[in-house]
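Only one structure is covered here, and it is reproduced in the block below.
2 protein chains.
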Amino acid sequence: MTDITSSEEARHRQKMQKRKEVQDAEVAEKRIEKGLLIVHTGAGKGKTTAAFGLALRMLGYGKTVGVVQFVKGAWHTGEKDAFALFGDRLRWHAMGEGFTWETQDLKRDIAAAEAAWGKAKELMADPNVAMVVLDEINIALRYDYLPIADVVSVLQARRPDLHVVVTGRNAKPEMVDAADLVTEFSLVKHHFKAGVKAQEGIEF
Amino acid sequence: MTDITSSEEARHRQKMQKRKEVQDAEVAEKRIEKGLLIVHTGAGKGKTTAAFGLALRMLGYGKTVGVVQFVKGAWHTGEKDAFALFGDRLRWHAMGEGFTWETQDLKRDIAAAEAAWGKAKELMADPNVAMVVLDEINIALRYDYLPIADVVSVLQARRPDLHVVVTGRNAKPEMVDAADLVTEFSLVKHHFKAGVKAQEGIEF
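So the protein lines, in turn, are chains A and B. With the UniProt record's numbering, the residue at position 21 of the first sequence is 21, and numbering never jumps. With the UniProt record's numbering, the residue at position 99 of the second sequence is 99, and numbering never jumps.
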């Protein structure tokens, strides 16, 4: 890779110069600062993990982050131990009562979702909190454990400086409409198909 | 949502019971434990953030993680400060020399990619390291700063217990073929379109 001609170099420089100009112009155009409603949806892996990555970055900036888990996995996760290092700048509330197909109790699932949503509203109202992660709330909304219209109207009325991250597959259209940033996570290839089991640090 | 009939409840219980059986059977089938090659690609946001979330979880389990940044953003990121809490269990190497369209110097970009790849191989060879994140290596591969065949063969020959996470849009087909888990991140909606600027904790 060392035999680069000077014309190749010049072409590269020119191309990159042009890209830089486009990039700079785009950055200059954007002036609005606002707390975002971010949605991570789709059937792919990484929706919650990416939300935790955003939380981590906020914590790195010295901010306070709230996390409400609407569906608690049966497995213990490492994030909680890692986040413990940030003390009370990370407010973690595991409100789900296991996966819904573990509980088989509709009334209890609805009560758990309502309690989680109550906690979420409490965190959103606290001016010290810079970001709230509503993990797997899309699942609770999909099963109509919470009314989508109420949830969206509370999210839209959030403090102007508050970022909210919503995760879970099958985000409702109302949620997507209300959001500032929506990423769809799609599964291209999965190791479970090859018989690989869930492993510490990857799935849990 | 409080007027649930007992037949609704029974239906719910039955449905969830069935899902649980399917889920349990699927879990029981999987016996292989192996270090995974994970690819985060696509034009959507969150590829690097999700990789950092995986790193965080590994750190939460007391493991050591290596990160090599092949393309360094011009903006300072909060992750680095957050990860500093984990001391030398997080080995962070920012090897990129700014975005390629910032440098406009092909030879320097190739040299930076080669140095980053050297560091990556060093981390992969260290038995204390449980996971290596090769952040934005797909960019270096796309521009042919590194030969894809060499990179893939080194990744495939990794230690059986080492997880490697590769990020960046336009993952090469050879990389996807070699991977165990591939997630495509697609942009559904972006706040930049609405004139919102890059903000601390979100974009940087």
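Beta carbons: idealized from backbone N, C-alpha and C, even for Gly. Please read all numbers here as calculations on a predicted model, not as lab measurements.
Shown in chain order are the members of the stretch 179-190 of chain B whose Cβ falls below 9 Å from a Cβ of chain A: 179, 180, 181, 182, 183, 184, 185, 186, 187, 188, 189, 190. The three-state secondary structure of residue 79 of chain A, taken from DSSP, is helix. In this chain, residue 135 of chain A is not harboured by any alpha helix (DSSP H); it is covered by the beta strand (DSSP E) spanning 129-135.
Using a Cβ-Cβ cut-off of 8 Å, residue 81 of chain B counts as an interface residue toward chain A, since at least one Cβ of chain A sits closer than that to its own. Between residue 189 of chain B and residue 183 of chain A, the alpha-carbon positions lie close to 7 Å from each other.
Counting of Cβ neighbours within 10 angstroms places residue 79 of chain B among the buried residues, the total reaching 16 or more. Note that the C-beta distance between residue 178 of chain B and residue 54 of chain B is not below 8 Å. Under DSSP, residue 66 of chain A forms a beta bridge with A:91, A:132. When the beta-carbon positions are compared, residue 137 of chain B and residue 176 of chain B stay at least 8 Å from each other.
Of all residues in the stretch 43-73 of chain B, those with a C-beta nearer than 7 Å to a C-beta of chain A are 44, 45, 46, 49, 50, 52, 53, 54, 56, 57, 58, 59, 60, 61, 63, reading in chain order. Nearest neighbour of residue 154 of chain A by Cα position, chosen from A:24, A:124, A:11, turns out to be A:124. Distance from residue 93 of chain B to residue 65 of chain B at the Cβ level is roughly 12 Å; contact not present, criterion being Cβ atoms closer than 8 Å. Residues of the stretch 147-161 of chain B whose Cβ lies closer than 8 Å to any Cβ of chain A, in chain order: 147. Within the stretch 148-198 of chain B, the runs of alpha helix (DSSP H) that reach at least 4 residues and sit entirely inside it are, in chain order, 148-156, 173-178.
In the structure shown, residue 41 of chain B falls within a strand segment according to DSSP collapsed to helix, strand and coil.
Annotated three-state conformation of residue 204 of chain B is coil, per DSSP. Taken through DSSP and simplified to helix, strand or coil, residue 48 of chain A comes out as helix. Chain A places no beta carbon closer than 8 Å to that of residue 93 of chain B, leaving this residue out of the contacts. The beta carbon of residue 110 of chain A sits closer than 6 Å to the beta carbons of 145 from its chain, once the five residues preceding and following it are set aside; these are given in chain order. In the displayed model, residue 106 of chain B falls within a helix according to three-state DSSP. Straight-line measurement puts the Cα of residue 113 of chain A at about 32 Å from the Cα of residue 83 of chain B. By the CB criterion at 8 Å, residue 133 of chain A and residue 162 of chain A fall outside the cutoff. Assigned with DSSP and collapsed to three states, residue 18 of chain B falls in helix.
Distance from the Cα of residue 173 of chain B is smallest, within the candidate group B:34, B:57, B:39, B:17, for B:39. For residue 164 of chain A, the closest Cβ of chain B is not nearer than 8 Å.
Spatial neighbours of residue 128 of chain B in its own chain (CB-CB distance under 8 Å, excluding positions within 5 residues in sequence) are listed in chain order as 64. Nearest Cα to residue 141 of chain A within the set A:16, A:21, A:25, A:41: A:41. Secondary structure at residue 34 of chain B: coil, using DSSP grouped into helix, strand and coil. Taking 8 Å as the threshold, the shortest C-beta distance from residue 141 of chain A to chain B does not fall below it. In terms of Cβ geometry, residue 9 of chain A and residue 181 of chain B do not form a close pair [threshold 8 Å]. Rounded to whole angstroms, residue 24 of chain B and residue 197 of chain A show a C-alpha spacing of 12 Å. If you draw a 10 Å sphere on the C-beta of residue 108 of chain B, you find fewer than 16 other C-beta atoms in it, and that means exposed. For residue 204 of chain B, the closest of B:11, B:152, B:48 by C-alpha to C-alpha distance is B:48. Using a Cβ-Cβ cut-off of 9 Å, residue 120 of chain A is close to nothing in chain B; its nearest Cβ partner there is about 17 Å away. Only residues of its own chain outside the window of five on either side were considered, and among them 169, 187 have a CB closer than 6 Å to the CB of residue 43 of chain A, listed in chain order.
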